[in-house]
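>
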Amino acid sequence: MKTILALVLFGLTATAPITAIPAVAQTVAAEQTVTFAVDNMTCALCPVTVKRAMEGVDGVRAVEIDFEARTATVVFDTAATSAEAIATASANAGYPARVSG
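Quick note: the sequence shown, position 83, residue 83 per UniProt numbering, numbers continuous.
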């Protein structure tokens, strides 16, 4: 069974079989969400520093800091970075982090 793509342009209809999906369309980023326990957060400015350090890692898409729980939840592209690289960035900023859970 052939897949048919219908294209309507200016009121005209044309059909063409789809034989291949471009390589770009086949690439799907694998996102992962990890929560880190973060040490040394003692003041209101600490979460800002941790967030900036983690966001500075290529592939990090979002960082949420919970100051009271002393955690950071990070969404990142596993093809571009790892939990270890994110933890290292935090540690280099003075806030050692480890995967919790």
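For glycine and all other residues, C-beta sits at the position ideal for the given N, C-alpha and C.
Once DSSP output is grouped into helix, strand and coil, what is the label at T73?
In the structure shown, T73 sits in a strand (DSSP, three-state: E or B).
> Rounded to whole angstroms, what is the Cα-Cα separation between M54 and E68?
If you take the alpha carbons of M54 and E68, they lie about 18 Å apart.
> For V57, which of helix, strand or coil comes out of DSSP?
Correct three-state label for V57: coil.
> Consult DSSP for A37 and reduce its assignment to one of helix, strand or coil.
It is a strand residue.
> Considering just the uninterrupted stretch of the alpha helix (DSSP H) at A89, what are its terminal residues?
Taken as a continuous stretch (DSSP letters only), the alpha helix (DSSP H) holding A89 covers 83-92.
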